[in-house]
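For the sequence shown, the UniProt record's numbering begins at 1 and goes up steadily by one.
The beta-carbon is built from N, C-alpha and C at its ideal position, and this holds for glycine as well.
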Amino acid sequence: MSEPADNSQEPRNTDPKTVLVGLLASAQNAVLPTIAITFGTGGTGLLVAIPVGAAIIAIGTFFAYISWKRLTYTIGQSDIRVESGVLSRSARSVPYERIQDVSLEQKLLPRLLGLVAVKFETGAGGGEDLSLSFLTEERGEELRQLVRERRDNLDARVSAEPGGTLSPNANEEEAEPLFTMGPKRLLTFGLFEFSLAVFAVLAGLLQYVDSFLDFEVWELDFWRGLIDNYAPDLSALDRTAQVIGILASVSALLIVGSLTGMVRVFMREWGFLLERTARGFRRRRGLFTKTDVVMPIHRVQGIRIGTRLIRYRFGWHSLSFVSLAQDMGASSHVVAPFAKLDEIAPIAEAAGFSLPGEGTDWRRASENFLFDSAVRDALFFLVPAAVAGIASSIYSPEWTGVVVGVLAVLAGISAILNVLAWRYQRHALDAAQIVSARGVLSPRSQIATRLKLHSVEIAQGPISRWRGYATVHLGQAGGVFAIPGVPLERAREVRRKVMETIAATDFSQLETG
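Encoded structure:
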């Protein structure tokens, strides 16, 4: 049930079950210290561990109650105000028109209790400006709808009073599914997400319990003695057995890394659903931490299409929206983390972008830029080759050819890689958008709408000014868009055309469009 509405602007507390979340979190934090004390202090460990665990839970619950009691929020006519703090109070207020995104997040413990965290983002500080933890699911959805109504200036389905609630059909929006990932797709995705994060977690746990154990975890002599006593003598095995042992170890590492990546994918992307609603794009995902994010279409500043080395060979890519809001600390919202290009195209089209086609007028970077980049990278190896050649010819003449030869080969390889990178470093400009593409083994593309760009800057250093090329920096809200090595005349043409579009745009209409 949602909280009863009142018609005042009195401060409100979040849901009382927030204290219960704090209690459960404190109990969770007490598990490892209790176990470590139990097994690390001899026979009396349990007698010490239980009071310590109880104290951790009691202290955590007390502070959770004080924080809940002192956290209030006020739904004003023009803004939302949040006051918090025990010893020192802080008050933050954000006008509705400044809010770029309102997202709902449910971690495991709040989700079990039917609670959500409501996050308000303005895109002005790299993260959310306000966060309410926790409200009931119904109240969180009502608050998000209220902010949308007042921000977008639509027909009020929320009463004019600050404490009003939504009409019964406020959440019943027609939604068109654009992209979804079922268990089969997640399984395929997980196969490409190799990760060794499990070893980092184990190392962190060992670091934590090290002070409670009666031996030094990081003492090499301890582990060497353990291997000598219980592991087989590898030197006594024949060559075939040693090879089999090495292959088994590598296979185990690959299996653990693949399983870890798969688990992370299922935890993060479970139930992934992207929908096109009347208000924009709605993305829901998460197994233990469930997130529900809505992105208004007019705030999508650009799109990014990326891939990785291996998954590119199988035709898999990812699509992200560039916007002022943040997505778990990132500067863009991932709307299709593992998709084919024919699945990405309709999503991009729904956001107002079109993918490059066969008739795209691609322009490469300047050939002078290619030459300068190749020479610069080759000098990174040629200078040490000269120094090493002189030194080795004095002290070890027999190694001169080897050292100089290896560094010269590396310089040649770097030059070849620059040529390949130049062939795939392109940009295109049409009447509506600008596209940049780069990358050989894992191509990346970035697309921005001309009328949503804020500025165009042509940057030149001493060498680029002498050689006649420049880097074009496009001002994009919430992202970075730069095209290096553009011939100077072409850079001026791009600036002129984009500035013509910007000058002809009525941004007051764009913001509400």
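Is it true that the CB of Thr240 sits closer than 8 angstroms to the CB of Phe353?
No, Cβ-Cβ distance for Phe353 and Thr240 is not below 8 angstroms.
Residue from Ile57, Ser323, Glu367 with nearest C-alpha to Val293
Nearest option by C-alpha distance: Ser323.
If you draw a straight line from the C-alpha of Gln145 to the C-alpha of Leu104, how long is it?
Rounded to whole angstroms, the separation of the alpha carbons of Leu104 and Gln145 is 11 angstroms.
DSSP on Lys290, reduced to helix/strand/coil?
Three-state DSSP puts Lys290 in a strand.
For Glu349, name the three-state secondary structure that DSSP assigns.
It is helical.
From this set, Ser131, Ala54, Leu196, Gly439, which residue's C-alpha is nearest Leu309's C-alpha?
Nearest option by C-alpha distance: Gly439.
Measuring alpha carbon to alpha carbon, tell me which of Glu176, Ala117, Phe371, Val263 ends up nearest Pro187.
It is Leu, not Pro, that sits at residue 187 in the sequence shown. Nearest of Glu176, Ala117, Phe371, Val263 to Leu187, Cα basis: Val263.
Counting only the same chain and skipping the five closest in sequence on each side, list residues whose C-beta sits under 6 angstroms from that of Trp68.
These residues qualify, in order along the chain: Thr18, Val19.
Should Val31 be labelled buried (16 or more other beta-carbon atoms within 10 Å of its own) or exposed?
An exposed status is given to Val31, since fewer than 16 other beta-carbon atoms sit within 10 Å of its beta-carbon.
Looking only at its chain, what residues have a beta carbon closer than 6 angstroms to the beta carbon of Gln106, apart from the 5 residues adjacent to it on each side?
If we look at Gln106 and ignore the five residues flanking it on each side, its Cβ neighbours are Val116, Lys290.
Give, in chain order, every unbroken run of the beta strand (DSSP E) that is at least 3 residues long and sits entirely within the segment 353–431.
Along the length of the segment 353–431, whole beta strand (DSSP E) runs at least 3 residues long occupy 426–429, reported in chain order.
Beta-ladder partner(s) of Ala117, from DSSP
Secondary-structure assignment with DSSP links Ala117 through a beta bridge to Glu105, Ser133.
Span of the alpha helix (DSSP H) around Ile255:
Taken as a continuous stretch (DSSP letters only), the alpha helix (DSSP H) holding Ile255 covers 239–269.
Backbone CA spacing between Val250 and Val256 [nearest angstrom]
For Val250 and Val256, the distance between alpha carbons rounds to 10 angstroms.
Closer than 8 angstroms is the cut-off here; do at least three beta carbon pairs connect the segment 378–387 with the segment 405–421?
Between the segment 378–387 and the segment 405–421 there are three or more inter-stretch CB-CB distances shorter than 8 angstroms, so the stretches are counted as touching.
Could you tell me which residues DSSP puts in a beta bridge with Ala437?
According to DSSP, which records beta bridges pairwise, Ala437 is partnered with Arg426, Ser445.
For chain C, is any of its Cβ atoms less than 8 angstroms away from the one on Glu176?
Of the protein chains in this structure there is only one, and it is not chain C.
Taking only the alpha-carbon atoms, compute the straight-line gap between Leu191 and Leu259 and give it to the nearest angstrom.
The alpha-carbon atoms of Leu191 and Leu259 are separated by roughly 8 angstroms.
Cβ distance (whole Å) where Ile458 is taken to contact Val480 below 8 angstroms:
At roughly 16 angstroms, the Cβ-Cβ gap does not stay under 8 angstroms, so Ile458 and Val480 are not in contact.
List the endpoints of the continuous beta strand (DSSP E) containing Tyr73.
Counted as a single uninterrupted DSSP element, the beta strand (DSSP E) harbouring Tyr73 occupies residues 72–75.
Span of the beta strand (DSSP E), counted from its first residue to its last, around Glu193
Run containing Glu193: none; DSSP gives neither H nor E here.
Out of Arg299, Ala252, Phe338, Asp79, which one is the CA nearest neighbour of Gly315?
Comparing Cα positions, the closest option is Phe338.
Leaving aside the five residues before and after Val21 along the sequence, list all residues of the same chain whose C-beta is less than 6 angstroms from its C-beta, in chain order.
Cβ neighbours of Val21 beyond the five flanking positions: Leu109, Pro110.
Between the beta-carbon of Ala364 and the beta-carbon of Arg426, is there less than 8 angstroms?
Checking the displayed sequence, the identity of residue 364 turns out to be Arg instead of Ala. The answer is yes: Cβ separation under 8 angstroms.
Pick from Gly280, Arg423, His298, His333: whose alpha carbon is nearest that of Ile305?
Checked all of Gly280, Arg423, His298, His333; the closest Cα to Ile305 is His333.
Just tell me which of Val102, Arg151, Leu112 has its CA closest to the CA of Lys132.
Residue identity check: residue 132 is Leu in the sequence provided, not Lys. For Leu132, the nearest C-alpha among the options comes from Val102.
Segment limits, beta strand (DSSP E) that includes Ser455
Here the beta strand (DSSP E) through Ser455 covers 455–459.
Taking the alpha helix (DSSP H) that Tyr312 falls in, what are its first and last residues?
For Tyr312, the enclosing alpha helix (DSSP H) stretches over residues 309–313.
Roughly how far, in whole angstroms, is the beta-carbon of Ala175 from the beta-carbon of Glu275, given that I think they are within contact range, below 8 angstroms?
Confirmed, about 4 angstroms.
Comparing C-alpha positions only, which one of Tyr65, Thr122, Arg12, Gln28 sits nearest to Ala477?
Among Tyr65, Thr122, Arg12, Gln28, the Cα nearest to that of Ala477 belongs to Thr122.
Taking 7 angstroms as the cut-off, is the beta-carbon of Ala428 closer than that to any non-hydrogen atom of the ligand FAD?
No copy of the ligand FAD occurs in the structure displayed, which carries no ligand at all.
For Arg279, the first and last residue of its enclosing alpha helix (DSSP H):
DSSP places Arg279 outside any alpha helix (DSSP H), giving it a letter other than H or E.
If distances are taken between C-alpha atoms only, which option among Ser455, Leu429, Phe179, Leu112 comes closest to Gln446?
Sorting Ser455, Leu429, Phe179, Leu112 by C-alpha distance to the C-alpha of Gln446 places Leu429 at the top.
Report buried or exposed for Glu358, applying the criterion of at least 16 other Cβ atoms within 10 angstroms of its Cβ.
By the Cβ-count criterion, Glu358 is exposed, with fewer than 16 other Cβ atoms from all chains shown falling within 10 Å of its own Cβ.
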